[in-house]
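Trainee: The first sequence begins at 36 in the working numbering and counts up by one. Glycine included, each C-beta is placed from N, C-alpha and C at the ideal position. Nothing here was measured: the structure is a model prediction, and the numbers come from that model.
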Amino acid sequence: MLLRLVVAARAFRFKTVFMKIATWNINGIKARHDNLIAWLKDAQPDIACLQEIKSVDENFPRQEIEALGYNLETHGQKSFNGVALLSKLPFDEVNRGLPAVNGEPDETDDQARFIEGTFSTDGGSLSVVSLYLPNGNPVETEKFPYKLNWMERLEAWARRKLALEEAFILAGDYNVIPMPEDCHDPKAWEGDALYRPESRTAFRRLCNLGLTEAVRNVTDAAETYTFWDYQAGAWQKNNGIRIDHLLMSPEAARLLNSAEVDKHTRDWEKPSDHVPVWVDITA
DNA sequence: ATGCCTGCGGTTCGCAGA
Numbered sequence: 036m037l038l039r040l041v042v043a044a045r046a047f048r049f050k051t052v053f054m055k056i057a058t059w060n061i062n063g064i065k066a067r068h069d070n071l072i073a074w075l076k077d078a079q080p081d082i083a084c085l086q087e088i089k090s091v092d093e094n095f096p097r098q099e100i101e102a103l104g105y106n107l108e109t110h111g112q113k114s115f116n117g118v119a120l121l122s123k124l125p126f127d128e129v130n131r132g133l134p135a136v137n138g139e140p141d142e143t144d145d146q147a148r149f150i151e152g153t154f155s156t157d158g159g160s161l162s163v164v165s166l167y168l169p170n171g172n173p174v175e176t177e178k179f180p181y182k183l184n185w186m187e188r189l190e191a192w193a194r195r196k197l198a199l200e201e202a203f204i205l206a207g208d209y210n211v212i213p214m215p216e217d218c219h220d221p222k223a224w225e226g227d228a229l230y231r232p233e234s235r236t237a238f239r240r241l242c243n244l245g246l247t248e249a250v251r252n253v254t255d256a257a258e259t260y261t262f263w264d265y266q267a268g269a270w271q272k273n274n275g276i277r278i279d280h281l282l283m284s285p286e287a288a289r290l291l292n293s294a295e296v297d298k299h300t301r302d303w304e305k306p307s308d309h310v311p312v313w314v315d316i317t318a
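1. Are the segment 226–242 and the segment 292–307 in contact at 8 Å, needing three or more beta carbon pairs?
2. Where does MET214 land, buried or exposed, given buried means 16+ other C-beta within 10 angstroms?
3. Return the first residue and the last residue of the beta strand (DSSP E) that THR317 is part of.
4. Who are the near neighbours of ILE212 in its chain, counting only those whose CB is closer than 7 Å to its CB and skipping five residues on each side?
5. Could you tell me how far apart the beta carbons of ALA257 and GLU216 are, in whole angstroms, since I believe they sit closer than 8 Å?
6. Judging by CA-CA distance, which residue of LEU133, LYS55, ILE88, ASN70 is the nearest neighbour of ILE79?
7. Just verifying my parser: in three-state terms, what is the DSSP assignment at SER13?
8. In its own chain, which residues sit with a C-beta less than 6 Å from the C-beta of PRO221, not counting the 5 before and 5 after it?
9. In whole angstroms, give me the CA-to-CA distance for GLN98 and GLU175.
10. Which full runs of the beta strand (DSSP E) of 3+ residues lie inside the segment 129–211, going along the chain?
11. Can you give me the C-alpha to C-alpha distance between GLU128 and LYS272, rounded to a whole angstrom?
12. Which residue or residues does DSSP assign as beta-bridge partners of THR58?
13. From GLU87, VAL164, PRO180, pick the residue whose C-alpha is nearest to that of GLU151; which is it?
14. Contact check, ASN237 vs MET283 under 8 Å by CB: the rounded distance?
15. Please name the residue, chosen from THR51, PRO173, ALA57, PHE53, that lies closest to TRP313 on a Cα-to-Cα basis.
16. Going by the CB atoms, is the gap between ASP308 and PHE262 shorter than 8 Å?
17. Excluding the 5 residues flanking LYS65 on each side, which residues of the same chain have their C-beta closer than 7 Å to its C-beta?
18. Rounded to whole angstroms, what's the CA-CA distance from SER160 to LEU199? Just pull it up for me.
19. From which residue to which residue does the alpha helix (DSSP H) around ALA294 run?
20. Under 8 Å between the Cβ atoms of ALA288 and THR317?
21. Which term fits TYR265, buried or exposed, when burial requires 16 or more other beta carbons within 10 angstroms of its beta carbon?
22. Let me confirm a value: THR109 is counted as buried when at least 16 other C-beta atoms fall within 10 Å, else exposed. Which label applies?
23. Give me the Cβ distance between PHE154 and LEU124, rounded to the nearest whole Å; I'm assuming they're in contact under 8 Å.
24. What would DSSP say about GLU233, mapped onto helix, strand or coil?
25. Specify, as a first and last residue, the run of the beta strand (DSSP E) that LEU246 falls within.
26. Use the C-beta contact count for ALA267: other C-beta atoms within 10 angstroms, 16 or more gives buried, fewer gives exposed.
27. How would you label GLY138, buried or exposed, when you count the other beta carbons within 10 angstroms and need 16 or more for buried?
28. In this structure, how does DSSP classify ASN94 when only helix, strand and coil are distinguished?
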């Protein structure tokens, strides 16, 4: 009897559930719907964070995604931006929009770039954010300060969240090249908003709160890129950049098993210029 | 130095992206 209890307790304690959490800037849900469905069937993420859906919520094509077993929450706008969360787990809570630095809703920001879902797992609560950080170009316009302000607000959000000591993952298109080795041709990016010292410093500050950037936590492989421009044969020349990242709280990072880039989707017909990046965690 | 290419809205071109 005692033995059976011990066996049952061990089985419970060591029950391992793997979860795959992915992020992908799809560059338009209407243009990328079929590619998205193909990738979902193939990669089978438990949670997928999408960016640049370029659609209002009412027009987002839900049917085939839901038929694959996903719960779906969107935060869209007309023509530009827009983020979404797909999850096989039911959502406990959904929060739309990145708050101001003080934690209050930011009424001055009407761009749809942030959606958070919270979930219950065997290991406790898990929060996953799909974010689309502003590009910031051209740097001499108001777009660059908007980017830096957005990063300040993101850092403030992460500080508040870290105080709760729970597992969370900030996944998305950060529009930041963290290091020279994260692009094919660093010289070509000098002065660009994606590579400006202010952008890289803000990204580093975010990481240095105690977040783990998943891909660089598991590999230092050269030429690990997540975006290749449509123009000038960038894909064929492997002229890429690494700007899509998953940042994990300590409680999430301790569960990290692997992190990968689904580079092959860039070779598909009508590809997005970004490819999916994902982590596997023990949840 | 500039455009390269693509998606979107809304009409055949302008804007945005990175």
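Mentor: From the atom records:
1. no
2. exposed
3. 312–317
4. CYS218, TRP224, LEU229, TYR230, ILE276, ARG277, ILE278
5. 6 Å
6. Strictly speaking, residue 79 in this sequence is Gln, with Ile absent from that position. Checking every option, the nearest Cα to that of GLN79 belongs to LYS55.
7. No answer is possible for residue 13: the residues shown for the chain start at 36 and end at 318.
8. PRO215
9. 43 Å
10. 149–156, 159–167, 202–208
11. 43 Å
12. CYS84, VAL312
13. VAL164
14. The identity of residue 237 in the sequence shown is Ala, whereas the question assumes Asn. Actually they are not in contact, since the Cβ atoms of ALA237 and MET283 sit about 18 Å apart, beyond 8 Å.
15. ALA57
16. yes
17. SER90
18. 11 Å
19. Element bounds for ALA294: not the alpha helix (DSSP H) but the beta strand (DSSP E), 291–296.
20. no
21. exposed
22. buried
23. 5 Å
24. helix
25. Looking at the DSSP string, LEU246 is not in any beta strand (DSSP E), and its letter there is neither H nor E.
26. exposed
27. exposed
28. helix
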